[in-house]
Structures are given as C-alpha cells and as structure tokens.
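Number of protein chains: 2
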Amino acid sequence: MILTVTLNTALDITYRVPRLRPHTGHRVTEVTERPGGKGINVARVLAALGHHTTVTGFAGGVTGTVVRELLAADEPARAPGRITDALVPIAGSTRRTLGVVDTASGDTTQLNEAGPAVTGAEWAAFMDAYARLLREASAVALCGSLPPGVPVGTYAQLIREARTAGVPTLLDTSGEPLRRGVAARPDIVKPNAEELAGLTGSTEPLRAARDARRRGARAVAASLGADGLLAITAQGAWRAVPPERLKGNPTGAGDAAVAGLLSGLVDEVPWPERIARAVALSAAAVRAPAAGEFDPAVYAELLGRIEVTEHPTAL
Amino acid sequence: MILTVTLNTALDITYRVPRLRPHTGHRVTEVTERPGGKGINVARVLAALGHHTTVTGFAGGVTGTVVRELLAADEPARAPGRITDALVPIAGSTRRTLGVVDTASGDTTQLNEAGPAVTGAEWAAFMDAYARLLREASAVALCGSLPPGVPVGTYAQLIREARTAGVPTLLDTSGEPLRRGVAARPDIVKPNAEELAGLTGSTEPLRAARDARRRGARAVAASLGADGLLAITAQGAWRAVPPERLKGNPTGAGDAAVAGLLSGLVDEVPWPERIARAVALSAAAVRAPAAGEFDPAVYAELLGRIEVTEHPTAL
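So the protein sequences, as listed, match chains W and Z.
Each residue of the first sequence is one higher than the one before, counting from 1 in the numbering used here.
Each residue of the second sequence is one higher than the one before, counting from 316 in the numbering used here.
Below, the structure written as structure tokens:
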C-alpha cells in the first residue's frame with residue numbers, strides 16, 4: 001500500500017453564498033463537508049486510481065469524528081482502490097478549513113483554523129504507528145502544514161525513518177518544514193513555484209529546482225500551475241504541459257499531481273510517464289465541478305494528450 | 316421557570332482574522348464556540364439575572380451535541396440562575412452560524428447556515444414536550460427564525476397553546492412568522508425597527524408599533540438600537556433611552572432586551588421598570604467584550620441611569 005501522512009488533517013467545509021460582502025450578514029445556500037488535509041486528498045485520488053492507500057496523522061474532537069465517518073462512508077464509492085484509516089486519536093479537535101464560494105463570481109475566500117496542539121504522548125503514539133505502517137508501505141507521502149507545537153524538523157525525522165525502512169518518500173510542504181525536510185534527502189519533493197522560490201530565493205523555476213536538488217532532494221517535481229510540471233531528476237530533466245489552458249477550480253490540483261507522481265513511483269514507470277500522469281490528473285481535477293474530485297474518463301483522455309519534452313540544459 | 320423556545324438553535328462560531336480580504340486565504344487566529352440561537356442567548360442572560368430558565372427547540376448531529384455540551388459546561392458558571400436543557404433530539408444537524416471578526420476594523424461578517432429539516436415525528440415530539448413544559452412555565456419566549464420545513468404559522472400555534480395553558484408569551488421573530496404570530500395575540504412582541512417596518516409597512520416606529528397592536532399584539536416593545544426602546548401597551552406608552560451613546564458590539568443586544576422584558580414580566584413590575592431593565596441589559600451587552608455577555612455591575616450601574624418618559628400621544 002501507499003502511505004500518506006497528514007499531520008494537520010481537516011474537516012473541509014464549503015459554504016456557497018450568492019455574493020460575499022464583508023461586514024454584512026449572509027444566508028449560506030449550500031453546505032458541503034469532506035475529509036481534508038493534503039495527504040487525505042492525495043489518498044482519495046490514489047484510491048480512485050486503484051491503489052490501496054493508508055492515511056495516517058492525527059484526528060480528534062467532534063470534527064475528527066466527522067472526518068473519520070466521512071472517510072469510512074466514502075470508501076465503498078472509491079473502488080477499485082481502498083482507503084484504510086490509520087489516523088491516531090488525539091485529545092484536541094481536528095481543525096476546520098472553510099471555503100466560502102461566491103456564486104456570483106465563482107471566487108473562493110478561504111478561512112483555515114490553525115489545528116490542535118499535539119501532546120508528547122500523542123506524538124509518541126504516532127511515531128509507533130508510523131514505524132509499523134512503514135513495514136507495509138511501498139511509498140510514503142508527507143503532506144501539508146504541521147499542527148501547532150509539532151517540531152519544525154518533523155518531516156526530516158519522518159524521511160530518515162522511511163529511508164531506514166527502505167521506503168521511498170515524497171515531501172509536499174512549504175516554509176521551514178520544507179527546508180528542513182529537503183536537507184534530509186527525500187526521494188521526491190513537489191513544490192509549487194512559490195514554495196520553490198521560498199526555499200531557494202530564486203523565482204526562475206529551472207534554476208530553483210536545480211538548487212533544491214543541491215540542497216538534498218533526489219528529484220524535484222515543480223508544479224507550475226497552467227504551465228504544467230518540471231521534473232529535475234538523476235535520470236534527466238523533463239517538462240510536461242497540459243494540452244490546453246484549462247478553466248476550473250485549481251483547489252486540489254496540487255494534491256492530484258502528488259497522487260500521479262506516487263502512482264508512477266510505485267508502478268515503476270519512467271519519469272516522463274510519471275509527470276504525464278501528474279499533469280493529466282491535475283488538469284482533470286481542475287476540470288471537475290467539485291474541488292479535489294476528477295472524472296477517470298477525462299483523466300484517461302487527457303493522459304493521451306500530455307506533451308512531455310526533455311530538458312537538455314537542466315543538469 | 317421561564318421557558319425559551321429556539322426552533323433553529325445554532326452552534327455560534329467566531330473566527331478572528333487580522334483582515335478579511337474576499338477571494339484570498341486567511342489563517343484564523345482565534346476560534347470560539349458557544350451555544351446559539353436567540354432563545355438560548357435569552358436564557359443565558361435570564362440565568363445570569365437569577366431566573367431558572369428552560370430551553371427547548373431542536374438539537375441534532377455533532378453540532379447539536381456540541382451545543383448541548385457547551386450548555387451543560389456553561390451552567391455552573393451561571394449562578395444564581397440555572398439553565399435546564401429540554402432540547403428535543405432530531406436526526407438532522409443543528410446549523411452553524413459563523414461570525415468572522417476583522418480584528419483591524421472590528422467589523423463582523425456573518426455567515427448563517429439554514430438549519431436542518433424537521434420531520435413530522437420530530438415535530439410531534441416537540442409539541443408534546445412544549446405542552447409538558449408549559450405546565451411549569453411562568454412565561455414563554457418564542458425566538459428567532461424557523462428551520463426549513465417548519466410551517467410558517469408555527470409561532471401562532473405555540474402562542475395559542477400557551478394561552479390555553481395560561482402562560483404569557485413574548486414573540487421575537489421577523490417576516491411572515493412574525494405576521495402570523497402577531498395575529499394570534501401574543502402578550503408581547505419585541506421587533507426592531509426593521510422588523511416592525513416589515514410587518515406594518517411604516518418606518519415611523521410610533522405609528523408602526525400602534526399598527527402592530529391593532530394587528531393583535533397586546534403590547535409592543537420596539538427596540539430602536541441606540542435610541543432605546545419604545546413600549547406601547549394597554550397600560551400606557553413609554554420610551555426608555557440609554558444614558559449615553561454606547562460603543563461596542565451590538566450582537567446579542569436584542570436578546571438581552573428580551574431577557575429584560577421577560578424578567579420584568581415574571582417579577583410583575585410595571586412597564587416603565589420592565590423597559591428600563593431591557594435597555595440597561597442591552598447597553599451592558601453592547602459594552603461587554605464578548606458578544607451576548609454582560610457584566611452585572613455595569614448593568615446595575617446603567618439601570619440607575621436609564622431615562623423613561625411617558626408617551627402621551629401614543630394611545
């Protein structure tokens with residue numbers, strides 16, 4: 001199975017309102033809830049692709065209960081893959097992340113709670129669970145922000161544990177946790193252009209991705225939004241671009257790309273095919289009406305039309 | 316005891332953000348939750364005044380569980396009065412109401428979910444509970460909006476039931492439920508200027524309040540924001556005004572006024588004293604740092620300085 005780690009899981013709530021006007025009252029016309037946090041989003045895409053996936057991280061409070069119930073309820077619809085819930089219970093409450101969609105403009109205003117404090121005992125329980133889960137894992141993805149109180153070097157520690165267990169790692173985070181994580185030599189990092197610039201100080205993606213490799217990442221897959229994905233690896237450098245500019249909701253496109261990279265990693269396909277999967281899944285996610293969903297038929301159609309070019313200057 | 320009915324209870328959530336900018340992302344710096352809905356807010360003020368109060372209405376889902384837990388946790392701090400939870404369980408989920416406070420400006424953006432659908436069997440269970448609770452009640456307050464699917468004439472029905480049981484009623488709602496309710500001859504209605512204008516078509520409060528009495532209300536206590544409160548009753552007409560313009564958070568001021576009116580009703584004090592209590596409680600609520608709270612010492616001090624004048628032209 002593929003293991004995804006989401007230390008700061010969330011209950012993703014979406015409100016639709018006719019028009020968001022600050023400092024006035026609004027009636028919410030539609031409420032939807034889904035289990036959230038990057039690693040959980042990645043797991044949902046992996047399951048839809050047919051990969052058995054286990055999610056771990058923390059869940060607590062009534063929001064944590066709802067997250068776990070929604071994960072369990074979601075599962076039967078998620079054939080052919082399966083999601084196994086290995087979230088570690090905590091006393092604090094799982095955070096909510098609220099997206100307020102203005103139905104007039106289609107734009108979203110995002111309000112993210114910080115997340116619960118994690119105690120030392122809870123952290124120890126997680127590390128036990130992580131070590132046990134690594135024994136069954138073909139790859140592990142470390143995704144998203146750290147909850148308050150979790151040490152900033154945590155991803156570096158989790159990457160070292162995975163290497164000791166012989167499990168390849170993908171890191172998708174930002175800021176100081178990314179900087180520390182990269183130094184621990186993960187197999188793949190998947191920053192977007194902004195995260196890459198934050199890590200390296202360079203806003204030129206090719207230069208920045210090469211710098212990220214020098215800092216320790218064995219491969220860098222940089223997602224460049226509508227410009228596709230740039231991969232700098234030990235085997236070579238490639239860029240994959242979507243067949244056309246896609247209109248839609250970019251929420252979840254990055255998580256879909258991570259799922260594509262992981263899928264290609266465990267299926268042991270070459271890098272050009274991995275990044276083609278990532279870009280096709282991203283594009284399919286952008287096109288889907290609900291954030292984080294995708295239509296497998298749209299994915300299959302797009303996959304055949306992704307252009308991958310080798311980047312001779314990159315190494 | 317005083318009975319308050321809140322058919323559309325809520326989990327009131329407050330988010331603080333440094334500055335609300337539509338269509339961008341925000342980290343929420345502080346999250347607070349409290350049991351909400353007008354009748355529950357009224358009960359909290361009544362309990363702080365020393366009145367034993369029972370809350371009924373509906374509660375369901377995980378949000379309903381949180382509302383009940385917060386009500387129970389709140390109780391010991393609420394001496395000398397006591398709040399008894401007589402909420403009727405339902406299958407649907409109690410709604411959330413979210414206030415997003417922009418800490419730069421102090422302004423609040425409000426997002427209110429609609430509330431759960433109530434089944435026929437749940438409604439029958441509520442009516443049984445209501446009839447039973449009326450036997451112990453010295454007064455009943457019917458507060459706030461109706462959840463989806465509850466008939467618009469519901470407050471009229473609850474007013475008739477209370478009259479049959481010999482229990483005086485106070486109605487605080489808006490729109491068509493207010494119009495139907497007033498026609499059932501409640502003892503007191505407490506509209507604000509906007510609700511009164513919606514009911515009567517007149518934006519002149521004195522004229523509109525007299526019209527509301529002709530439509531069936533035995534007494535009208537119209538809350539006019541910073542201009543205080545206007546009461547048109549069978550015993551006479553009065554206006555009470557706060558001693559000075561108050562700065563603060565107006566959320567909960569209307570519910571505090573309802574508590575003042577009910578307190579005066581069950582203590583059988585004359586109308587000038589009732590509206591003085593209502594205005595002093597409203598003003599104390601505006602001054603309090605947290606929405607819906609008040610400092611008893613501030614209330615006592617303000618109560619001595621409320622000016623009540625008789626309104627000879629009103630009848």
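Glycine is no exception: its CB is placed at the ideal position from the N, C-alpha and C atoms.
Note that the coordinates shown come from a computational prediction; the quantities given were computed from them, not determined experimentally.
query, result
"What's the C-alpha gap between W/Arg207 and W/Ala86?", "39 Å"
"Evaluate Z/Ser597 with the Cβ neighbour count: other Cβ atoms within 10 Å of its Cβ, from every protein chain shown; 16 or more gives buried, anything less gives exposed.", "buried"
"Determine whether the beta carbon atoms of Z/Thr321 and Z/Gly372 lie at a separation below 8 Å.", "yes"
"Where does Z/Lys505 land, buried or exposed, given buried means 16+ other C-beta within 10 angstroms?", "buried"
"Note down the Cα distance separating W/Gly175 from Z/Ala512, rounded to an integer number of angstroms.", "54 Å"
"Which residues in the same chain as W/Gly149 place their Cβ atom closer than 7 Å to its Cβ, once the five residues preceding and following it in sequence are excluded?", "Ala117 and Val118"
"Quick one: Cα of Z/Gly396 to Cα of W/Gly39, how far?", "48 Å"
"Using only CA atoms, which one of Z/Arg530, Z/Val357 and Z/Val346 lies nearest to Z/Thr566?", "Z/Val357"
"Going by CA-CA distance only, name the one from Z/Glu519, Z/Met442 and Z/Ala555 that's closest to Z/Glu622.", "Z/Ala555"
"Could you tell me which residues DSSP pairs with Z/Glu345 in its beta bridges?", "Z/Arg331"
"Start and end of the beta strand (DSSP E) containing Z/Phe373?", "Thr368 to Gly375"
"Between W/Ala139 and W/Thr84, what straight-line distance do the alpha-carbon atoms span, to the nearest angstrom?", "15 Å"
"Distance, Cα to Cα, Z/Arg334 vs Z/Thr418?", "6 Å"
"Please decide whether W/Glu244 counts as near chain Z, where near means a Cβ-Cβ distance under 8 Å.", "no"
"Quick check on the burial criterion: 16 or more other C-beta atoms within 10 angstroms. Buried or exposed for Z/His338?", "exposed"
"Output yes if chain Z places a C-beta closer than 8 Å to the C-beta of W/Ala314; else output no.", "Its pLDDT being 48, under 50, W/Ala314 is placed unreliably in this model, and the value from its coordinates should be taken loosely. W/Ala314 does not count as touching chain Z."
"Check Z/Leu485 in the structure and name its three-state DSSP category.", "strand"
"According to DSSP, is Z/Leu511 helix, strand or coil?", "helix"
"Assuming Z/Gly459 and Z/Gly352 make a contact with CB atoms under 8 Å, what is their CB distance in whole Å?", "6 Å"
"Who are the near neighbours of W/Val62 in its chain, counting only those whose CB is closer than 8 Å to its CB and skipping five residues on each side?", "Ser93"
"Let me see if you follow: with CB-CB separation under 8 Å, is W/Asp107 close to chain Z or not?", "yes"
"For W/Ile188, which of W/Ala209, W/Thr200, W/Pro205 and W/Ser202 has the nearest alpha-carbon?", "W/Ala209"
"Count the other CB atoms, across all protein chains shown, that sit within 10 Å of the CB of W/Glu195; report buried if there are 16 or more and exposed otherwise.", "buried"
"Between the C-alpha atoms of W/Ser223 and W/Leu70, what's the straight-line distance to the nearest angstrom?", "29 Å"
"Give the range of the alpha helix (DSSP H) segment to which Z/Thr469 is assigned.", "Thr469 to Ala480"
"Quick one: which residues of the region 495–525 of chain Z get their C-beta closer than 7 Å to a C-beta of chain W? List them in chain order.", "none"
"Please state the DSSP three-state secondary structure of Z/Glu583.", "coil"
"Keeping to the same chain, check which residues put their C-beta closer than 6 Å to that of W/Gly292; ignore five residues upstream and five downstream.", "Asn41 and Gly252"
"Just to confirm my understanding: we take W/Pro270, look at its own chain, exclude 5 residues before and 5 after, and list those with CB closer than 8 Å. What are they?", "Gln235"
"Looking at W/Leu46: is its Cβ nearer than 8 Å to the Cβ of W/Ser202?", "no"
"Count the other CB atoms within 10 Å of the CB of W/Thr4; is the residue buried (16 or more) or exposed (fewer)?", "buried"
"Beta-carbon within less than 6 Å of W/Ala231's beta-carbon, same chain only, minus the 5 sequence neighbours each way: which residues are those?", "Ala221, Trp238, Trp271 and Ile275"
"Go ahead and pull the three-state DSSP assignment for W/Val189.", "strand"
"With 16 other CB atoms within 10 Å as the buried threshold, where does Z/Leu630 fall?", "With a pLDDT of 48 at Z/Leu630, under the threshold of 50, the modelled position of this residue cannot be trusted; read the value that follows with caution. Exposed, because fewer than 16 other Cβ atoms sit within 10 Å of the Cβ of Z/Leu630."
"Please state if the CB of Z/Pro501 and the CB of Z/Leu580 are separated by a distance shorter than 8 Å.", "no"
"Please state whether DSSP places W/Arg214 in a helix, a strand or coil.", "helix"
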